[in-house]
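*Asks:* Quick one: the structure is below, questions incoming.
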Amino acid sequence: MAAMDDRQILIAKLRSLPDQLEALVQGLTPKQLTTLVASDSWTVAQHIHHIADSHMNSFIRVKLILTEERPLLKPYDQDRWVTLVDERGLPITTSLQILRGLHERWVALWESLEGTDWEREGVHLEVGLVKLADLLQSYAQHGEDHMRQIEAILAAQEGQRLSST
Numbered sequence: 003m004a005a006m007d008d009r010q011i012l013i014a015k016l017r018s019l020p021d022q023l024e025a026l027v028q029g030l031t032p033k034q035l036t037t038l039v040a041s042d043s044w045t046v047a048q049h050i051h052h053i054a055d056s057h058m059n060s061f062i063r064v065k066l067i068l069t070e071e072r073p074l075l076k077p078y079d080q081d082r083w084v085t086l087v088d089e090r091g092l093p094i095t096t097s098l099q100i101l102r103g104l105h106e107r108w109v110a111l112w113e114s115l116e117g118t119d120w121e122r123e124g125v126h127l128e129v130g131l132v133k134l135a136d137l138l139q140s141y142a143q144h145g146e147d148h149m150r151q152i153e154a155i156l157a158a159q160e161g162q163r164l165s166s167t
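Position 160 of the sequence shown, counted from 1, bears residue number 162 in the numbering used here, the numbering being contiguous throughout.
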């Protein structure tokens, strides 16, 4: 499959992520959203808020790469971010709304790229040189990974519920 076809598949994954996340968490109770299933994991709500944070950061990185020559891309401490009040105290609808609008803009931006745009680079302070093509691949996968993690949390919660009855 040609690189362009692959990119269209990855862009389609980003386009569909907000709908898929909303469908996955629709109807969950506050307890399901905020219950930890392991001491070193995140809650469903933390995953949703994190995806919004992460994808906002990546969107900004894409724009920096497109408008500057090899810009510096600052990392952030995701484990500390999920402990802040906006991720612990607000409903997930706030982050789902962010994702819906953000992904609409992000997809339009991805679809506008041509030829050598895909080779433009930024310098991530933890991982080194990052190309736009790499960011697209990474964030399409990122959304899918968190969907699977949320599904695993919900399955573990169900298993815990069944074993306690």
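Virtual Cβ for every residue (Gly too), placed ideally from N, Cα, C.
With DSSP as the reference, identify every bridge partner of E123, one or two as the case may be.
*Replies:* Locating residue 123 in the sequence shown gives position 121, counting from the first residue. DSSP lists K133 as partners of E123.
*Asks:* Would you please state the rounded distance, in angstroms, between the beta carbons of A158 and V39? I believe it to be under 8 Å.
*Replies:* Looking up residue 158 in the sequence shown gives position 156. Looking up residue 39 in the sequence shown gives position 37. The pair is a contact, with the Cβ atoms about 4 Å apart (cut-off 8 Å).
*Asks:* Please check the pair V169 and L75, which I expect to be a contact at CB under 8 Å, by giving their CB distance rounded to whole angstroms.
*Replies:* Here the chain has residues from 3 to 167 only, and residue 169 is not among them.
*Asks:* Check the DSSP bridge columns for L75 and list the partner residues they point to.
*Replies:* To locate residue 75, count along the sequence shown from 1; it is residue 73. The partner list for L75 (beta bridge, DSSP) reads H126.
*Asks:* Going by other Cβ atoms of all chains shown within 10 Å of its Cβ, with 16 needed for buried, is S60 buried or exposed?
*Replies:* Here the question's residue 60 lines up with position 58 in the sequence shown. Under this definition S60 is a buried residue.
*Asks:* For Q43, does the three-state DSSP call read helix, strand or coil?
*Replies:* The residue given as residue 43 occupies position 41 in the sequence shown. Looking at the sequence itself, residue 43 is Ser, so the reference to Gln does not match. Of the three classes helix, strand and coil, the one that applies to S43 here is coil, per DSSP.
*Asks:* Take E1 and list the residues in its own chain whose beta-carbon comes closer than 7 Å to its own, dropping the five residues that flank it on each side.
*Replies:* This structure does not reach residue 1, given that the chain is present from 3 up to 167, and the question cannot be answered.
*Asks:* Check for me: the alpha helix (DSSP H) holding V87 runs from which residue to which?
*Replies:* Against the sequence shown, residue 87 aligns to sequence position 85. Counting along the chain, the alpha helix (DSSP H) containing V87 begins and ends at 87-90.
*Asks:* State buried or exposed for W108, treating a residue as buried only when at least 16 other CB atoms are found within 10 Å of its CB.
*Replies:* Position 106 of the sequence shown holds residue 108. That one is buried.
*Asks:* By a C-beta neighbour count over all protein chains shown, 10 Å radius and 16 as the cutoff for buried, is M3 buried or exposed?
*Replies:* Walking along the sequence shown from the start, residue 3 turns up at place 1. In this predicted model, M3 has a pLDDT of only 40, less than 50, meaning its place in the structure is not dependable enough to derive any value.
*Asks:* Please return the same chain residues whose Cβ sits closer than 7 Å to the Cβ of R102, not counting the five positions on each side in sequence.
*Replies:* In the sequence shown, residue 102 corresponds to position 100, counting from 1. If we look at R102 and ignore the five residues flanking it on each side, its Cβ neighbours are P20.
*Asks:* Does the contact criterion of 3 or more C-beta pairs under 8 Å hold for the segment 131-151 versus the segment 10-17?
*Replies:* Yes, since at least three Cβ pairs between the segment 131-151 and the segment 10-17 fall closer than 8 Å, the two stretches touch.
*Asks:* Out of V87, K65, T95, V64, point me to the one whose CA is closest to A25's CA.
*Replies:* The count along the sequence shown starts at 1 and reaches residue 25 at position 23. Closest option to A25, Cα to Cα, is T95.
*Asks:* So the alpha helix (DSSP H) T37 belongs to, where does it begin and stop?
*Replies:* For this step, residue 37 is matched to residue 35 along the sequence shown. Element bounds for T37: n/a, residue is neither H nor E.
*Asks:* Could you tell me which of L137, Q34, K133 sits nearest to V46, measuring between CA atoms?
*Replies:* Locating residue 46 in the sequence shown gives position 44, counting from the first residue. Among L137, Q34, K133, the Cα nearest to that of V46 is on Q34.
*Asks:* How would you label S114, buried or exposed, when you count the other beta carbons within 10 angstroms and need 16 or more for buried?
*Replies:* Taking the first residue of the sequence shown as position 1, residue 114 is located at position 112. Classification of S114: exposed, given that the 10 Å Cβ count is below 16.
*Asks:* If distances are taken between C-alpha atoms only, which option among T36, M58, E71 comes closest to G77?
*Replies:* In the sequence shown, residue 77 corresponds to position 75, counting from 1. The sequence as given places Pro at residue 77; Gly does not occur at that position. Residue M58 is the option with its Cα nearest to P77.
*Asks:* If you count every other CB in all the chains shown that lies within 10 Å of the CB of D55, and 16 or more means buried, which is it?
*Replies:* Mapped onto the sequence shown, residue 55 falls at position 53. Label assigned to D55: buried.
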